[in-house]
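Residue numbers for the sequence shown follow my numbering, beginning at 1073 and rising by one.
First up is the structure itself, then whatever we jot down about it.
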Amino acid sequence: MESSQYDIAIVGGGILGLSTAMQLLERAPHWRVAVVEKEEELATHQTGHNSGVMHSGIYYRPGSYKAQFCVAGLNNMVKFCEENEIEFQQCGKVIVAIHESELGRLQDLYERGTANGVPDLEIVGPERLKEIEPHTAGVKALYAPHTGIVNFIKVAEAFAAKFQQAGGDIFTGAAVRKITRSGGTVTLETTKGNLQAKHLINCAGLYADKVASMTDEKVGVRIIPFRGEYYTLRPESHHLVSGLIYPVPNPEFPFLGVHFTRNIKGHVEAGPNAVMAMRREGYRKRDFSLKDSLGNLGYPGFWKMAAKYWKIGMGEVWRSYNKGVFLRDLQTLIPEIQASDLAGGGSGVRAQAVARDGSLLDDFSIIQGRDVIHVLNAPSPGATSSLAIGEHIAGLAIDNFN
Ligand SMILES: Cc1cc2nc3c(=O)[nH]c(=O)nc-3n(C[C@H](O)[C@H](O)[C@H](O)COP(=O)(O)OP(=O)(O)OC[C@H]3O[C@@H](n4cnc5c(N)ncnc54)[C@H](O)[C@@H]3O)c2cc1C
């Protein structure tokens, strides 16, 4: 690695770094591009710990990056999976209104999705809902037949293979510790040696703000990690869920509420919740980092966020430690589900950017400087949108780095 010189170095071997890398070389095959990843394997963090849902684009504000990239991203993802023989299913999803009081928000979601160009959305009554999801109860539901499931690790690996076939280099086990810029060269000091490039793309997920600060750029956000914990349904209870069953989300919180997902391996998961993690890669409740915690406490946006969301946050913590409360929420969607249907599951940690005013950034945030592009907020539906986001970043690089 010592003497390597690249046109572009991408920090982060998750689905976004790899999609960007692949599409850069598709469009600018003469460029030398490297991906630098701190773990020994690719796709080990958000990309490897998510629900595996290919979202259709219902929830997002029309015109937002999320709306555009999710709708385009799903189409591209389906095509990519077909062409590369990656297993996926468009099993469909229902968003279920449990009470009459949720019908207004369900209708809003229908209108949003339609405005975003999501095809074939339908508001269905209880009888049709029973045909789609026989064990679910609700007054009405929004049915999105094209929402699907896939293993995003497999997708990321396919991006990596194509990138390498096109001549790109991937360095794993190479954590970027320091970045210096001088005379048109960006030098990355990594745990595996130095790498030099003319330009940098920061796709570091849970560490995107840290990598940005190594470039001395003021990006005005801090990544706060939110752990999502899952239960799995025991095999004998899998019949309770045919596809994807979601509640009507709380519009004040950017997470979707605990739901049921049948994944591509045939397992059924219930969750995730959204609990603030005490470590950036804190997958277990007991994981704690003094450095991360002190960093949060010293950030003004943290206190403003806490003042705004403390009530919802306490509810999430309560549910995290109390299986009965988790179960009660799940029973609103599937009344017959019991504690005995649930076994322990995994978890994932979302990289959520928080602004200095305490707001949780809702949209994807991709910002561009003279010789660097930072992806600062790419939570769900980031994996679904990865081909569209990568295309956008590759376009920014080609237009501006030349
Ligand atoms: C619980 C959960 C459920 C989700 N469900 C869905 C879903 O169903 N559908 C969907 O579309 N999206 C979902 N998402 C969101 C989706 O997973 C993310 O949007 C996507 O994976 C983001 O990819 P990424 O490449 O930005 O981040 P990551 O996959 O986290 O990759 C970032 C990489 O950067 C590396 N890195 C960090 N710092 C350094 C450094 N200093 N040096 C070198 N490398 C570094 C990390 O090791 C990591 O591999 C979910 C996320 C979570 C957490």
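Cβ atoms here follow ideal geometry from the backbone N, Cα and C, with glycine treated the same way.
Being a predicted model, the structure only gives us computed values, none of them experimental.
What residue ranges within the segment 1275-1349 form continuous beta strand (DSSP E) runs of no fewer than 3 residues, ordered along the chain? 1293-1305, 1316-1319, 1331-1334 and 1340-1343
Compare the beta carbon distance of Val-1283 and Val-1248 with 8 Å and say whether it is the shorter of the two. yes
Same chain, Cβ closer than 6 Å to Ala-1144, five either side skipped, listed in chain order: Ala-1460
Lys-1376 to Phe-1152, Cα distance in whole Å? 42 Å
Counting Cβ pairs closer than 8 Å, one from the segment 1418-1434 and one from the segment 1293-1300, do we hit at least three? yes
Ligand 1 and Pro-1453: does the residue's C-beta get closer than 7 Å to at least one heavy atom of that ligand? yes
Out of Lys-1226, Gly-1220, Arg-1099 and Arg-1177, which one is the CA nearest neighbour of Met-1126? Gly-1220
Cβ of Pro-1344 within 7 Å of any heavy atom in ligand 1? yes
What does DSSP give as the partner residue(s) for Met-1126 in the beta ladder? Gly-1220
Please give the ranges of any alpha helix (DSSP H) in the segment 1073-1119, keeping only runs that are unbroken, at least 4 residues long and fully inside the region. 1087-1099
Go ahead and pull the three-state DSSP assignment for Val-1268. The residue asked about is misnamed: residue 1268 is Gln in this sequence, not Val. Three-state result, Gln-1268: strand.
Is Tyr-1279 a contact residue of ligand 1, with contact defined as CB to any heavy atom under 7 Å? yes
What do you get for Tyr-1137, buried or exposed, if any count of 16 or more other CB atoms within 10 angstroms of its CB means buried? buried
Compute the Euclidean distance between the alpha carbons of Tyr-1182 and Ala-1378, then round it to the nearest angstrom. 31 Å
Are at least three pairs of beta-carbons, each pair with one atom in the segment 1266-1276 and one in the segment 1393-1413, less than 8 Å apart? no
Using the rule of at least 16 other Cβ atoms within 10 Å of the residue's Cβ for burial, across every protein chain shown, is Gly-1239 buried or exposed? exposed
Paired residues, beta bridge with Val-1444 - DSSP: Leu-1272
Phe-1436 classed as buried or exposed, judged by whether at least 16 other C-beta atoms fall within 10 angstroms: buried
Limits of the alpha helix (DSSP H) - the one that Lys-1250 falls within: Looking at the DSSP string, Lys-1250 is not in any alpha helix (DSSP H); the run it does join, the beta strand (DSSP E), is 1248-1254.
Report the CB separation of Arg-1391 from Asn-1322 in whole angstroms; it is logged as a contact under 8 Å. The Cβ separation is near 13 Å, so there is no contact.
Alpha carbon of Leu-1362 to alpha carbon of Ser-1123, nearest angstrom: 29 Å
Compute the Euclidean distance between the alpha carbons of Val-1340 and Ser-1431, then round it to the nearest angstrom. 33 Å
Determine the direct distance from the alpha carbon of Phe-1327 to that of Gln-1095, and round the result to whole angstroms. 29 Å
Starting from Leu-1402, trace the alpha helix (DSSP H) both ways and give me its first and last residue. 1395-1405
Same chain only: Cβ atoms within 7 Å of Val-1389, ignoring 5 sequence neighbours per side: Val-1347
Who are Asn-1015's beta bridge partners in DSSP? Absent from the structure is residue 1015, since the part of the chain shown begins at 1073 and ends at 1474.
Kindly confirm or deny that the segment 1155-1163 and the segment 1252-1261 touch, where touching means at least three C-beta pairs closer than 8 Å. no
Quick one: what's got a C-beta closer than 6 Å to Val-1196's C-beta in the same chain, skipping five residues either side? Ala-1213 and Tyr-1215
Check this for me: beta carbons of Thr-1287 and Ile-1336, under 8 Å apart or not? no
Measure how close the beta-carbons of Asp-1413 and Arg-1306 come, nearest whole angstrom, since I'm counting them as under 8 Å. 6 Å
Excluding the 5 residues preceding and the 5 following Glu-1289 in the sequence, name in chain order all residues of the same chain whose CB lies nearer than 8 Å to its CB. Gly-1441, Val-1444 and His-1446
Run the proximity test for Leu-1468: is its beta-carbon closer than 7 Å to any non-hydrogen atom belonging to ligand 1? no
Here's the rule: buried if 16 or more other CB atoms are within 10 angstroms of the residue's CB, otherwise exposed. What is Leu-1369? exposed
Cut-off 8 Å between Cβ atoms - residues of its own chain near Lys-1226, not counting five sequence neighbours on either side: Ile-1158 and Glu-1159
Tell me, which residues are paired with Glu-1261 by DSSP? Lys-1250 and Asn-1266
Taking DSSP as the reference, what is the three-state secondary structure of Lys-1138? helix
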